[in-house]
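Q: My structure is below; once you've seen it, I'll send some questions.
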């Protein structure tokens, strides 16, 4: 069912009699071409009352003609009968047809074979170019942008490429046509269209839309070609084996059901069995009823496997040619029985401006224009006898090789009477039926805008009506006996024949029977105003109709702003005329279009801001943004609206209360978040006060958000703000003793946003102690993280360090939070560094080094008494620790190295700071933020002191090892950092340098073993803590050289000791344990290589037993593997079934 809304009104109408036309065509700009029987074409200027201006001659009688903007030429099919009565048809091109000239005759040449004479100079004269067509042509079409011409000859399509050549002698430019390639179809088209590299053709039963890709192999990207291979047919591809679509018998099908897919044509599924009465009844169904029964978008089926095309000729054999099928449709058999057919075919290409072109695609077909990257979509309109369908093709997705979302639709039009002709505008579809002219809202513009909006979803995602909304009949005018409908940029022309016996122009014997109706089209701004005027009538009674009309009007303007028009340019190519894109015809029309567009955005914003739920309120912001309105203008506009939104209450009804929910939702989203002073804010004091009143009355829960966002309120309206906050806290149950300057500290355990707002107000008033109290009242310090992260701009101020270079420094608020809640501030800093996209309120990206250096910046303006004493060291340590423990991949190594060094210095400082000294708790789970430490470290001081070692040496235990209270927590974190594969290498130098000045610090030996090489560690442990040697070796050694050095050092140490040495037994035991361990983990060859002296050591009484043991272990391992292999082979041979 079609909604009827009369909003399309023609501006004016001119009526002129015309001579009998053989063929008609429209031309740019606003001209009408009428072919006359006297071998001439009459040119009429529609801007001058459709009066004839001049005629230009033709060689023969014109049967068909069309105009092309590119090159400004007229293409014709002309008929000539021989003396024997045979008819010959020629395809010809006429150039300079729009220049009236009686001085010179027509100049003729053959395209691609004969160049203009060098004497052709001076005033341009009429020129005829004959296209060398090998067969008899029956149809012709031009691409308005490329100038290419396509000619159909029975089942062959030939494309002539438009070229601009330069004469060798005269150096004058001229146009020429070269036969580029030919296509063979398996049906005979009667309608064809050419747009860039997309060819559309239809017969009475078939419709085929293809893309022909002809490219140079040297430029073709092989990967892209392979990705498109699945949806394309190469010319060298073997033809598919077709199955005949012969009738089948139900009994045979049921008997051989499993093999149905092999015997039936793919389009035969699903298999339906209809009784004779059902089949007979279907013949009487209308197309709409048939669609409802078959659940398909049109009275046709997909005929991909039936309609084929192949390249039969190409001018350059070195070029690659591919055919990509876009759409293949065929009328159902029952529709053909009803004498239905494809009646009309038109394609509307929609280009955008060069700033929005598709930059990802750099190579197109060889016969595309330079504007192919700016082509966004194609609207393919096809009609049957009484219905129309518009399919929408995403050209950008098509050329990128995407297999999804290439085609959308169809948009279905049900006409009131049988259709004869069609005219397609960007936003309106005009259909000429037996009863008159019908105008409908289009969907090509909607699809164009949505496709264009994929690159900018924030602006376009919800800005236009849904493609699924029903179309509207916006104009219905009675015109009878009309045979032709023609569309120019500003006019719609109808040619009617008053003689009912004259069914075609060729049968008419009197030119007076023909009448030309020149209807001036309304501009987009006029159409918008008519739609809005009608929408306002339904604003109160039918809100859905109001929204529909308003959205349609907005889409009309949006399409006009984004879609380019094509006009003639006489400058860029000298005497040759080319097509160039542009907006409206005059600057004033463009300014009016922009004003109407901003108005439509504002009206849609008004509708959605008064909606019922959040889904509507969210749509208000993008429309208000596109209208260019600021928040204060939106507020003034909202206040001026009628309280009931245009509804007039009945006598027994009370007026509805105005809802401010949508307005408050919008204002909260428009609050400034990153301004440091009232001068930087776009809101003034008066507007800020108005906002405060609105929030106090309609949304008191968001008052804190307003305070946190507006510097103007905090600086100029602080007393009023404190009074409002007092009421807010009283409502929440806060103490009633709260005043504007005192007792703000009674906010205990409240909302973190309220607490943060109170802290800011206290700092603004200079009450630092009260601010401390408010922060301390929070039960969970991490509650503040969410509030601080949302308003992180309050934590930083910009400091200019160099010319045009800005660094971050902390504000007084940040220093106060660092003092009271350092964990909260560290967590916020970590989140901002890990996710820089969250830091949209900062003047620069927060990096690890940038925030680390912010701790070194001296804050300005904090010299007043009672100013916060920053706890910067702890916050810095917690921040670095948190970030480095979550270090993302591919982060700057230089920044990581510097941050790691700073954190290492902080840990080292804690080792000598008695404030961190605590007793060691063996049951406590100490945090290892950077990964698990080496296990052997737990066997070294200060975690474990081997007193037996000192007792055997008869020396006292060092005093530093007797100390029970140490910085165990920081030492473990430092060891975790040093053990980290990613971070440890950056800290070793700092640790070793520190140990030189603090040799007796707790854990010095353990720290040194991590930082020095394995060989140096072996020497240290051999001398100071040999019990850890084997544990260290097991955990750290990775190659034979390390084990060899280890065995050599132990062997040397044991040999140096005398038998009466008190530590002789200890070293011998460690040496024996080490050899026993190596016997089980190394092969015999490896074991021999690590022994001191190599193979010669095998005969040594010290190593010979271990060599023998290694041989036994190796033999045992071999025997075990042999047993396992034999067992597996035996199991495989057994049959358990």
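Numbering (the numbering used here), first residue to last: 16 to 1152. Think of the CB as a built atom: it goes at the ideal place given N, C-alpha and C, for glycine as much as any other residue. Just so you know, these numbers come straight off a predicted model, no measurement behind them.
1. Taking only runs of the beta strand (DSSP E) that begin and end inside the stretch 357-415, which ones reach a length of at least 3 residues, in chain order?
2. Which residues does DSSP pair with residue 448 in a beta bridge?
3. Kindly list the residues whose CB is nearer than 6 Å to the CB of residue 967, restricted to its own chain and excluding five residues on each side of it in sequence; keep chain order.
4. Between the Cα of residue 651 and the Cα atoms of 597, 1138, 70 and 706, which residue gives the shortest distance?
5. Ordered along the chain, which non-local residues of its own chain (more than five positions away) have a Cβ less than 8 Å from that of residue 777?
6. With respect to the alpha helix (DSSP H) encompassing residue 206, which residues constitute its N-terminal and C-terminal limits?
7. Kindly list the residues whose CB is nearer than 8 Å to the CB of residue 1015, restricted to its own chain and excluding five residues on each side of it in sequence; keep chain order.
8. For the beta strand (DSSP E) that contains residue 2, what are its first and last residues?
9. State the CB to CB distance for the pair residue 919 and residue 891, rounded to an integer number of angstroms; the pair is presumed to be in contact (CB under 8 Å).
10. In this structure, does DSSP put residue 893 in helix, strand or coil?
11. Return the CA-CA distance between residue 223 and residue 205, expressed in angstroms with no decimal places.
12. Report all residues from its chain with a CB closer than 6 Å to the CB of residue 123; omit the five preceding and five following residues, and keep chain order.
13. Using 8 Å as the cut-off, can you tell me whether the stretch 534-545 makes contact with the stretch 47-54, which would need three or more C-beta pairs spanning the two stretches below that distance?
14. Can you tell me whether residue 191 is buried or exposed? The criterion is at least 16 other CB atoms within 10 Å of its CB, across all chains shown.
15. Starting from residue 1153, follow the alpha helix (DSSP H) in both directions and report where the run begins and ends.
16. For residue 29, which residues from the same chain have a beta carbon less than 7 Å from its beta carbon, with the 5 sequence-adjacent residues on both sides left out?
17. Going by C-alpha distance, which of 1003, 808, 59 and 836 is nearest residue 823?
18. Is residue 92 closer than 7 Å to residue 108 when the C-beta atoms are compared?
19. For residue 23 and residue 844, I'd like the C-alpha separation in whole angstroms.
20. Quick one: is residue 1135 buried, meaning 16 or more other Cβ sit within 10 Å of its Cβ, or exposed?
21. If you drop the 5 nearest sequence neighbours on each side, which residues of the same chain put their C-beta closer than 6 Å to that of residue 686?
22. Going by DSSP in three states, residue 915 sits in which element: helix, strand or coil?
23. Starting from residue 500, trace the beta strand (DSSP E) in both directions and tell me its first and last residue.
24. Do residue 89 and residue 112 have their beta-carbon atoms positioned less than 7 Å apart in this structure?
25. If you draw a straight line from the C-alpha of residue 855 to the C-alpha of residue 408, how long is it?
26. In the DSSP assignment, what are the bridge partners of residue 95?
27. Do the stretch 625-637 and the stretch 598-612 make contact, defined as three or more Cβ pairs closer than 8 Å?
28. Should the stretch 1060-1080 be called in touch with the stretch 1022-1034, which here means at least 3 C-beta pairs below 8 Å?
29. Taking the continuous beta strand (DSSP E) assigned at residue 178, which residues delimit it?
30. Counting beta carbon pairs with one atom in the stretch 1001-1008 and one in the stretch 1038-1054, are three or more of them shorter than 8 Å?
31. Cutting at 6 Å between CB atoms, please list the residues of its own chain near residue 522, excluding the five before and the five after it.
32. Residue 575 and residue 608 look like a contact to me (Cβ under 8 Å); what is the Cβ gap, rounded to whole Å?
33. Can you find the residues in the same chain that come closer than 8 Å, C-beta to C-beta, to residue 564, ignoring five residues on each side of it along the sequence?
34. Check whether the stretch 492-501 touches the stretch 438-449, taking contact to mean three or more Cβ pairs, one atom from each stretch, closer than 8 Å.
35. Is the Cβ-Cβ distance between residue 456 and residue 489 less than 7 Å?
36. Leaving aside the five residues before and after residue 717 along the sequence, list all residues of the same chain whose C-beta is less than 8 Å from its C-beta, in chain order.
A: Judging by the given coordinates:
1. 359-366, 390-398 and 402-409
2. Residue numbering aside, residue 448 sits at position 433 when the chain shown is read from its first letter. According to DSSP, which records beta bridges pairwise, residue 448 is partnered with 434.
3. Numbered from 1 along the chain shown, position 952 holds the residue referred to as residue 967. The residues are 1077 and 1078.
4. The residue you call residue 651 lines up with position 636 of the chain shown. The shortest Cα separation from residue 651 among 597, 1138, 70 and 706 belongs to 706.
5. For the purposes of this step, residue 777 is taken as the residue at position 762 of the chain shown. Contacts found: 759, 783, 785, 786 and 789.
6. The count along the chain shown starts at 1 and reaches residue 206 at position 191. Note, residue 206: premise wrong, no alpha helix (DSSP H); beta strand (DSSP E) at 206-210.
7. On the chain shown, position 1000 is the one that residue 1015 refers to. The residues are 973 and 975.
8. Since the first residue shown for the chain is 16 and the last is 1152, residue 2 is missing from the structure and cannot be characterised.
9. By one-based count along the chain shown, residue 919 stands at place 904. By one-based count along the chain shown, residue 891 stands at place 876. Between residue 891 and residue 919 the Cβ distance is about 13 Å, and since that is not below 8 Å, they are no contact.
10. As a first step, residue 893 is located in the chain shown; it is residue number 878 there, counting from the start. Looking at residue 893 - three-state DSSP - the assignment turns out to be helix.
11. In the chain shown, counting from the first residue as 1, residue 223 sits at position 208. In the chain shown, counting from the first residue as 1, residue 205 sits at position 190. One C-alpha to the other measures close to 12 Å.
12. On the chain shown, position 108 is the one that residue 123 refers to. Within the same chain, residue 123 has close Cβ partners 143.
13. no
14. Residue 191 sits at position 176 when you count from the first residue of the chain shown. With 16 or more Cβ atoms within 10 Å of its Cβ, residue 191 is classed as buried.
15. No answer is possible for residue 1153: it lies beyond the span of the chain, which begins at 16 and ends at 1152.
16. Counting from one through the chain shown, the residue named residue 29 turns up at place 14. Hits under 7 Å: 64, 65 and 533.
17. The sequence position of residue 823 within the chain shown is 808, counting from 1. When only C-alpha atoms are compared, the closest one is 808.
18. As a position in the chain shown, residue 108 is number 93, starting the count at 1. As a position in the chain shown, residue 92 is number 77, starting the count at 1. No, they are not a contact pair.
19. The residue given as residue 23 occupies position 8 in the chain shown. The residue given as residue 844 occupies position 829 in the chain shown. The alpha-carbon atoms of residue 23 and residue 844 are separated by roughly 59 Å.
20. Taking the chain shown and counting its residues from 1, the one referred to as residue 1135 is at position 1120. That one is exposed.
21. As a working note, residue 686 is residue 671 in the chain shown. The residues are 724.
22. Here residue 915 refers to the residue found at position 900 of the chain shown. In the structure shown, residue 915 sits in a helix (DSSP, three-state: H, G or I).
23. Here residue 500 refers to the residue found at position 485 when the chain shown is read from its first residue. Element bounds for residue 500: 497-502.
24. Taking the first residue of the chain shown as 1, we reach residue 112 at position 97. Taking the first residue of the chain shown as 1, we reach residue 89 at position 74. The answer is yes: Cβ separation under 7 Å.
25. Translated into the one-based positions of the chain shown, residue 855 becomes position 840. Translated into the one-based positions of the chain shown, residue 408 becomes position 393. Roughly 38 Å between the two C-alpha positions.
26. Translated into the one-based positions of the chain shown, residue 95 becomes position 80. DSSP lists 103 as partners of residue 95.
27. no
28. yes
29. What you label residue 178 is simply residue 163 of the chain shown in a count that begins at 1. Unbroken beta strand (DSSP E) run through residue 178: 171-181.
30. no
31. Sequence index remark: in the chain shown, residue 522 carries index 507 (1-based). Unreliable placement is indicated for residue 522, whose pLDDT of 45 sits below 50; the coordinate value is still reported in the next sentence. Excluding positions up to five away in sequence, the list is empty.
32. Stepping through the chain shown from its first residue, residue 575 is reached at position 560. Stepping through the chain shown from its first residue, residue 608 is reached at position 593. Between residue 608 and residue 575 the Cβ distance is about 6 Å, and since that is below 8 Å, they are a contact.
33. On the chain shown, position 549 is the one that residue 564 refers to. Answer for residue 564: 20, 22, 546, 547, 549, 550 and 553, listed in chain order.
34. yes
35. Taking the first residue of the chain shown as 1, we reach residue 456 at position 441. Taking the first residue of the chain shown as 1, we reach residue 489 at position 474. Yes, Cβ-Cβ distance for residue 456 and residue 489 is below 7 Å.
36. Along the chain shown, read from residue 1 onward, the residue named residue 717 stands at position 702. Counting only Cβ-Cβ distances below 8 Å, and skipping sequence neighbours, we find 679, 683 and 710.
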